[in-house]
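Participant:
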Amino acid sequence: MDIIDLKTNDRSDDLINELVSVWEKSVSASHFFLTEKDITEIREQVAPAFKMIPVLLVAIDDDKVIGFAGIYENKLEMLFIDSAYFGQGMGYKLINYCFEQYNIQFVDVNEQNPRAFKFYQRQGFSVIERSPLDSDGRPFPILHMQKK
1 MDIIDLKTND
11 RSDDLINELV
21 SVWEKSVSAS
31 HFFLTEKDIT
41 EIREQVAPAF
51 KMIPVLLVAI
61 DDDKVIGFAG
71 IYENKLEMLF
81 IDSAYFGQGM
91 GYKLINYCFE
101 QYNIQFVDVN
111 EQNPRAFKFY
121 QRQGFSVIER
131 SPLDSDGRPF
141 PILHMQKK
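Take 1 as the starting number for the sequence shown in the UniProt record's numbering and just add one per residue.
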């Protein structure tokens, strides 16, 4: 797996579409608390986020986009792996790159996504605060975590 740090001017519409597809596969296989309607509504925000996030890391395996991470300052804003690659260590490789290259210290995780919560705990994060709603006011509690 290779990790590419894409500058904002290197983010083509085709690549953004690939990233949205990875996001959707990942969310459908892990965010069981979301309805199809929720996923459709949230999807509308995903492509613009890819264009705006200052640091966008794309994981590629055999010329195929298999995951990505987005960082703002020292916070991991997004990390998603194509569900076909779950359990193969790709998330660990990507987050370790984030630690080494960007010294991330914070991450938010959906409380209703225990797999992701445990993943971040194993990476040394612990909960510092809980919000009952997500950043868009939806009833999906968020756990704010900081690296120990």
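Even for Gly, the Cβ is constructed at its ideal location relative to N, Cα and C. Quick caveat, the model's predicted, so the values are computed rather than measured.
1) Just to check my reading of the structure: Ala47 and Val20 have Cβ atoms closer than 8 angstroms, yes? What is that Cβ distance to the nearest angstrom?
2) Please name the residue, chosen from Tyr85, Met145, Tyr120, Pro139, that lies closest to Thr35 on a Cα-to-Cα basis.
3) Quick one: is Ser26 buried, meaning 16 or more other Cβ sit within 10 Å of its Cβ, or exposed?
4) Under the rule that 16 or more other beta-carbon atoms within 10 Å means buried, what is Phe95, buried or exposed?
5) Could I get the ranges of all uninterrupted beta strand (DSSP E) runs contained in the UniProt domain "N-acetyltransferase" (1 to 148), with 3 residues as the minimum, in chain order?
6) Would you mind sorting Gln123 into buried or exposed? The rule is 16 or more other CB atoms within 10 Å of its CB.
Facilitator: Once the coordinates are examined:
1) Within the sequence shown, numbered from 1, the residue matching residue 47 stands at position 47. Within the sequence shown, numbered from 1, the residue matching residue 20 stands at position 20. Between Val20 and Ala47 the Cβ distance is about 6 angstroms, and since that is below 8 angstroms, they are a contact.
2) As a working note, residue 35 is residue 35 in the sequence shown. Comparing Cα-Cα distances from Thr35 to each of Tyr85, Met145, Tyr120, Pro139, the minimum goes to Pro139.
3) Numbered from its first residue, the sequence shown carries residue 26 at position 26. Its Cβ being crowded by 16 or more others within 10 Å, Ser26 is buried.
4) Looking up residue 95 in the sequence shown gives position 95. For the record, residue 95 in the displayed sequence is Ile; it is not Phe. It counts as buried.
5) 2 to 6, 55 to 61, 64 to 72, 75 to 81, 106 to 110, 125 to 131, 142 to 147
6) On the sequence shown, residue 123 is found 123 positions in, with the first residue counted as 1. Buried is the call here.
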